[in-house]
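Participant: Structure in structure tokens, see below.
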Amino acid sequence: MTELLIFSFLAGAVLGQRFRVLILLPVTLFLVLTVLPVGLMTSLGFLEGLKAAAFAAIALQAGYLFGSAARFGLAAARTARVFPRPVRTAR
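The numbering of the sequence shown is our numbering, which starts it at 362 and goes up by one.
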């Protein structure tokens, strides 16, 4: 389950770099629809698979928040470099 959480976090970070927040709805639906059958195939049981899907969805959203914050942080650093502050000189 740890691998699934790490993968969900990294996928969310990539999505946060490139897309708006509405991308989380179809990706989360796809995640749930794939994690539940895989959980049943690996004999986790339905409740364990549901718990894994819920944690993966939370990790996906946390990764999206991290990726979005990184995108805005990089844009702010780039803006400060492009538009330097004027230097006041003593007269």
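Ideal Cβ positions, reconstructed from N, Cα and C, are used throughout, including at glycine.
(1) Round the Cβ separation of Val-396 and Ala-414 to the nearest angstrom and send it over; I've been treating them as touching at under 8 angstroms.
(2) Quick one, which of Leu-401, Ala-420 and Ala-430 has its alpha-carbon nearest Leu-385's?
(3) Report, in whole angstroms, the separation of the C-beta atoms of Gly-424 and Leu-371, which I expect to be a contact under 8 angstroms.
(4) Between Gly-373 and Phe-416, is the Cβ-Cβ spacing less than 9 angstroms?
(5) What is the rounded straight-line gap between the Cα of Gly-400 and the Cα of Glu-409?
Facilitator: In terms of the structure at hand:
(1) 4 angstroms
(2) Ala-420
(3) 6 angstroms
(4) no
(5) Using only the alpha carbons, I get a separation of about 7 angstroms.
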